Structure formats: structure tokens, C-alpha cells
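Numbering follows this note's numbering, in which position 104 of the sequence shown is assigned residue number 104; successive positions increment by one, without gaps.
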Amino acid sequence: MDRKWWQVMQPQFDGECVTVAGNVLRATRTNAPKGGNSGAGAMLLARHRGATRIVLLGYDCQYAPDGKRHWHGNHRNGLGNAVSLPKFYGQFEEARDRLYDVEVINCSRATALDMWPRGRLEDELAEDRQRSLRRAG
């Protein structure tokens, strides 16, 4: 997933880089299930690391009305531009089946993913804050 993009962009990234692929420099290899795309993979990694609740943001899983594939315009040649998007829906369905014990709320403003309940980010963050206060209380 996105190996060429990471090879070019990783030096600019300060966060943790995790991969299910082999031979990716400066990335920690994990045995988390593969998701088929980076979004589904991130969700499966979160579950693998113990998440019980996932709030999705920016998971549109569709091209924009004007045909754009990214909010920032296409990547330069060789870095991939979501050409496999038609496969994503099925990959998210497979991820859903693996996330049977995780609460998933989709707070994306526009989305083709209808397998999880929709929510407003503000409401979900407030709910998370209330849960934290109850645990601390």
C-alpha cells in the first residue's frame, strides 16, 4: 500500500511509520491484518493495538464531483492517485467484518461508506470527553 509514496514522502513525516509490507525503510513491520488500502489498514491496526472505538474522519471513499481524487490535487507521476478506489468499498466491508468488536462511527462529511453509523465529529469528541471524565471520576 502506497510504498512509492512513502519512499518519497517519509523523510518529511515525523510520526510513527508502520507497515504490513516488507522492505520499507524506517518503518516498523507489524503483523496486523492487511486492509487492502491505507484507510482500512489503519483501522485494523488500531484494533490490533487495542482500540475499542474508532471515529472516522475524511473517509469519503469516492471521487469529488469534479473528478479530483485528493483535496490537494493529484500526486506527481509514479506516486499513485487512488486508481484502485473502486476496490475500496469491498475492502472496507472486509474490514467491517474484522472489526466486529470495535465501535466505529463515520464522521466524514461526505462518504460512500454506509456500513457504519454516521456521526458529527463535535458530538463524538464530546462523548469521548464524557467517557474520560466518568473513568477519572
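Here a beta-carbon is modelled for each residue, glycine too, at the ideal position from N, C-alpha and C. Bear in mind the structure is a predicted one, so any value in this text is a computation, not a measurement.
| request: Give every residue of the same chain whose Cβ lies closer than 7 Å to the Cβ of L99, excluding the five residues on either side of it in the sequence, and list them in chain order. | output: The count along the sequence shown starts at 1 and reaches residue 99 at position 99. The residues are M43 and R47.
| Residues sharing a beta bridge with V8, DSSP | The count along the sequence shown starts at 1 and reaches residue 8 at position 8. Per DSSP, none; premise fails for V8.
| task | Assign R135 to one of three DSSP states: helix, strand, or coil. | result | As a first step, residue 135 is located in the sequence shown; it is residue number 135 there, counting from the start. Reduced to three states, the DSSP call for R135 is helix.
| query | CB-CB under 8 Å to G119, same chain, minus the five flanking residues each way: which ones, in chain order? | reply | On the sequence shown, position 119 is the one that residue 119 refers to. Counting only Cβ-Cβ distances below 8 Å, and skipping sequence neighbours, we find V55, I105, N106 and C107.
| Based on the DSSP secondary-structure assignment, which residues constitute the bridge partners of E103? | As a position in the sequence shown, residue 103 is number 103, starting the count at 1. In the DSSP output, where bridge partners are listed per residue, E103 has R53.
| field | Per-residue DSSP class, three states only, for R120 | value | Along the sequence shown, one-based indexing puts residue 120 at 120. Reduced to three states, the DSSP call for R120 is coil.
| Got a sec? Which residues, its chain only, sit under 6 Å from G39 by beta carbon, not counting five neighbours each side? | The sequence position of residue 39 within the sequence shown is 39, counting from 1. Contacts found: Y59.
| DSSP three-state assignment for R29, whether helix, strand or coil | In the sequence shown, residue 29 corresponds to position 29, counting from 1. Residue state, collapsed to three classes: strand.
| said: If I follow the unbroken alpha helix (DSSP H) through E94, where does it start and stop? | reply: Start at 1 with the first residue of the sequence shown, and residue 94 comes out as number 94. Residues L85 to R98.
| field | Bridge partners - T19, DSSP secondary structure assignment | value | What you label residue 19 is simply residue 19 of the sequence shown in a count that begins at 1. DSSP lists R29 as partners of T19.
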